[in-house]
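Here the structure comes first, spelled out in structure tokens, and everything after it is commentary.
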Amino acid sequence: MSEIAERLLAGEQRALSRLITLLERGDPAAAEAMKAVDRNTGGAYTVGITGPPGAGKSTIADQLTQLVRSTGSTVGIIAVDPTSPFSGGAILGDRIRMQRHYLDSGVYIRSVATRGQSGGLPRIVKSMVRALDAAGTDLILVETVGVGQTELGIISVADTVLVAMNPESGDAIQTLKAGVMEIADIFLVNKADRDGADQMATAITGMIQMSLTRPRWSPPVLLTTAHTGQGIEDLWGKIQDHRDFQTTSGELEERRGTQRKREFLEAVEEVLAQRLRQKVENDPELNATLEQVAAKETDPYSAALEYLESSLFSAEWLNTP
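When you line the sequence shown up against this note's numbering, it's residues 93 to 413, in that order.
This is how it looks when you write it as structure tokens:
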């Protein structure tokens with residue numbers, strides 16, 4: 093076992109920071125360490141927090157962290173941000189809101205830039221969650237940048253998904269029909285001290301009743317005012333209820349198994365895509381095929397199938413740059 097893996101399993105926070113930095117760089121040492129610690133994961137519980145801008149997601153995460161830390165449990169926070177880590181933006185805002193936790197050794201906070209990636213969470217988030225898990229973290233909070241098709245990836249990493257709205261999110265309710273309704277385990281109407289909160293909660297409840305596809309767990313709709321802490325204890329109670337429900341029913345094990353299967357397939361796609369990009373640069377045969385496609389000597393789909401069937405999974409293809 094690598095030194096960094098041993099230090100991580102011992103709960104050393106510096107080792108955790110070092111491993112995540114290596115993951116961000118794509119360093120081979122990170123893959124080696126992650127392989128070594130994989131069997132030591134599964135003890136943490138991961139909660140995803142998504143919702144439209146202005147819903148108060150960071151404040152909710154902050155208040156949940158405060159509550160959970162009061163019980164003695166440790167917390168890891170991953171804030172997914174659309175900007176570069178070097179440009180400030182929402183990352184700075186996250187850190188200002190979370191600053192009271194920065195001197196707490198029982199809280200680990202890290203921001204992740206999407207760098208324009210579409211289609212869901214940055215792939216590194218899953219590895220970061222696993223690293224936090226292996227380090228002995230009790231609760232992991234993953235806050236995404238928004239709500240909609242690109243944020244549906246939260247289901248691939250979270251055990252419980254919270255969807256936060258606010259009374260001004262009327263238009264955003266329409267996005268619930270785009271898939272969020274299917275992945276939400278708990279709905280929050282935050283900033284409940286504002287006009288329209290009760291009406292928003294009623295509207296969401298109605299949509300749940302019309303579209304419920306999971307007969308055993310009906311997502312609760314909670315009213316919170318996160319900046320004052322109102323409703324946070326109730327929220328934490330519902331998270332624990334959902335965890336108990338999934339554990340007893342076997343759905344938690346099934347959910348995590350599905351996540352690992354999906355992650356494996358994504359890893360296969362990533363490796364093959366990298367190999368194909370290398371081939372484009374170095375393989376005369378592939379470049380000749382590309383020129384034939386460009387000249388309309390063959391169509392793209394037929395050429396792709398022929399190339400894949402002839403060479404893709406051969407040992408020579410996989411091992412030759």
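Quick reminder that beta carbons are idealized off the backbone N, C-alpha and C, glycines included.
query                                                                                                                                         : result
Taking contact to mean at least 3 C-beta pairs separated by less than 8 Å, is the segment 126-140 in contact with the segment 250-257?        : yes
Return the first residue and the last residue of the alpha helix (DSSP H) that ALA122 is part of.                                             : 120-129
Consult DSSP for ARG106 and reduce its assignment to one of helix, strand or coil.                                                            : helix
Taking contact to mean at least 3 C-beta pairs separated by less than 8 Å, is the segment 272-286 in contact with the segment 314-323?        : yes
May I have the straight-line CA-CA distance separating PHE356 from THR340, to the nearest angstrom?                                           : 26 Å
Measuring only the C-alpha atoms, how far is ASN132 from SER165?                                                                              : 18 Å
Please state if the CB of PRO311 and the CB of ILE300 are separated by a distance shorter than 7 Å.                                           : yes
Could you check which residue in SER162, GLU389 and ALA276 has the C-alpha nearest to that of TRP309?                                         : ALA276
On the DSSP letters alone, give me the boundaries of the alpha helix (DSSP H) that THR340 sits inside.                                        : 324-341
Residue range of the beta strand (DSSP E) that VAL281 falls in?                                                                               : 278-281
Residue range of the alpha helix (DSSP H) that ARG286 falls in?                                                                               : From DSSP, ARG286 is part of no alpha helix (DSSP H); its letter is neither H nor E.
Name the two residues that bound the continuous alpha helix (DSSP H) containing GLU398.                                                       : 392-399
Count the CB pairs spanning the segment 148-162 and the segment 324-336 that are closer than 8 Å, and state whether there are at least three. : yes
Taking the straight line between their C-alpha atoms, what separation do you get for GLU95 and ARG110?                                        : 11 Å
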